[in-house]
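Using the numbering used here, you'd call the opening residue of the sequence shown number 24 and step up by one each time. Beta carbons: idealized from backbone N, C-alpha and C, even for Gly. Everything on this sheet refers to the single structure shown next.
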Amino acid sequence: MCCAIGALLIGALAAWRKWSAKALDWCPQARWTAASAAAVMTLIAGIALAAEHADHYTARRSQWAQLAR
């Protein structure tokens with residue numbers, strides 16, 4: 024589930040970059056500002072997802088550790 028949400032975030036960012044390149048071509052400063060805001064929002068969403076699913080990540084690590092033995 025976490026990986027799927029991460030993939031959706033990456034896909035949305037890629038689609039937004041294509042759209043913004045065409046729509047904001049006339050004003051590079053606005054595009055840079057919008058890209059910075061999108062990057063900050065994506066970073067915050069990623070941190071929130073990681074914090075919410077910390078137990079999931081910990082459980083997976085312990086499973087891999089048991090398999091490695």
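Contact under 8 Å by Cβ, residue i with residue j
i: Ala68; j: Leu32; result: yes
i: Trp39; j: Ala61; result: yes
i: Leu36; j: Thr65; result: yes
i: Gly29; j: Leu72; result: yes
N- and C-terminal bounds of the alpha helix (DSSP H) containing residue i
i: His79; result: Ala77 to Ala91
Span separating the alpha-carbon of residue i from that of residue j
i: Ser85; j: Val63; result: 31 Å
i: Gln89; j: Ala74; result: 24 Å
i: Trp44; j: Thr56; result: Reading off the sequence, residue 44 comes out as Ala, not Trp. Looking at the two C-alpha atoms, the distance is approximately 13 Å.
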